[in-house]
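Residue numbers (our numbering): 1 to 151.
Worksheet: one structure, shown below.
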Amino acid sequence: MQQQEIVAQLQYFYSLERQQADMYTSQGRQQADRYLAEVFRAFADVEQLHAERVATLLRQISGSATVVGGTLGQLTGRATGWTSAMTGLANLLRLDIALERKAMSDYQHFLLRAGDPPHLAVLWTNLVEEDLHAAWMERKLARLPHGRERK
Ligand SMILES: [Fe+2]
Ligand SMILES: [Fe+2]
């Protein structure tokens with residue numbers, strides 16, 4: 001994989017992680033349930049750490065971390081909007097889980113296409129932590145009264 005493509009992919013992940021951080025911050029602020037608010041706030045902290053890890057890689061490889069318009073902008077915007085519209089926790093979790101799975105899939109494909117180089121290994125940590133987010137939300141969803149429907 002060309003250096004230029006690696007930089008472009010890292011810029012995409014940087015943008016994605018920043019958006020995830022903003023999204024969970026917003027979702028956390030809108031939760032009436034205290035514990036749920038803390039979970040989303042903790043998720044936002046982890047997403048911010050993910051963005052910082054990617055920014056460090058970008059600085060090492062290209063000398064700067066540029067924010068680019070991410071393709072997930074519309075989706076994460078919707079996730080935030082759904083919370084304010086109070087359409088229900090189950091639907092919010094379904095969308096969040098879908099976004100986490102998309103991030104995992106994008107990281108995995110990128111790492112394997114790039115030949116899994118050691119200097120990008122920290123991205124596996126991001127991927128695993130997305131898996132933990134998804135797993136927590138899947139458990140929460142399964143325990144909601146209507147969580148098992150339309151899964
Ligand atoms: Fe992340
Ligand atoms: Fe995540």
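Using N, Cα and C, we set each Cβ at its ideal position, and we do this for glycine too.
Quick caveat: nothing in here was measured; it's all calculated off a predicted structure.
Rounded to the nearest angstrom, how far is the Cβ of residue i from that of residue j, given a contact under 8 Å?
{"i": "residue 164", "j": "residue 18", "result": "Here the chain comprises residues numbered 1 to 151, so residue 164 is not present and cannot be evaluated."}
{"i": "residue 1", "j": "residue 113", "result": "6 Å"}
Would you kindly work out how many angstroms separate the C-alpha atoms of residue i and residue j, rounded to a whole number?
{"i": "residue 145", "j": "residue 92", "result": "14 Å"}
{"i": "residue 88", "j": "residue 143", "result": "14 Å"}
{"i": "residue 132", "j": "residue 62", "result": "30 Å"}
{"i": "residue 32", "j": "residue 46", "result": "22 Å"}
{"i": "residue 30", "j": "residue 9", "result": "32 Å"}
{"i": "residue 110", "j": "residue 103", "result": "11 Å"}
{"i": "residue 138", "j": "residue 57", "result": "31 Å"}
{"i": "residue 219", "j": "residue 36", "result": "In the structure as shown, the chain begins at 1 and stops at 151. Residue 219 is therefore absent and cannot be evaluated."}
{"i": "residue 130", "j": "residue 100", "result": "6 Å"}
{"i": "residue 12", "j": "residue 116", "result": "18 Å"}
{"i": "residue 127", "j": "residue 54", "result": "12 Å"}
When DSSP labels each residue in this structure, what does residue i get in the three-state scheme?
{"i": "residue 32", "result": "coil"}
{"i": "residue 48", "result": "helix"}
{"i": "residue 144", "result": "coil"}
{"i": "residue 108", "result": "helix"}
{"i": "residue 2", "result": "coil"}
{"i": "residue 7", "result": "helix"}
{"i": "residue 64", "result": "coil"}
{"i": "residue 118", "result": "helix"}
Taking 8 Å as the line, does the beta carbon of residue i fall inside it for any heavy atom of ligand 2?
{"i": "residue 43", "result": "yes"}
{"i": "residue 100", "result": "yes"}
{"i": "residue 133", "result": "yes"}
Residues with C-beta closer than 6 Å to any heavy atom of ligand 1, in chain order = Any residue whose Cβ sits closer than 6 Å to a heavy atom of ligand 1 makes the list: 17, 20, 47, 50, 103, 126, 130.
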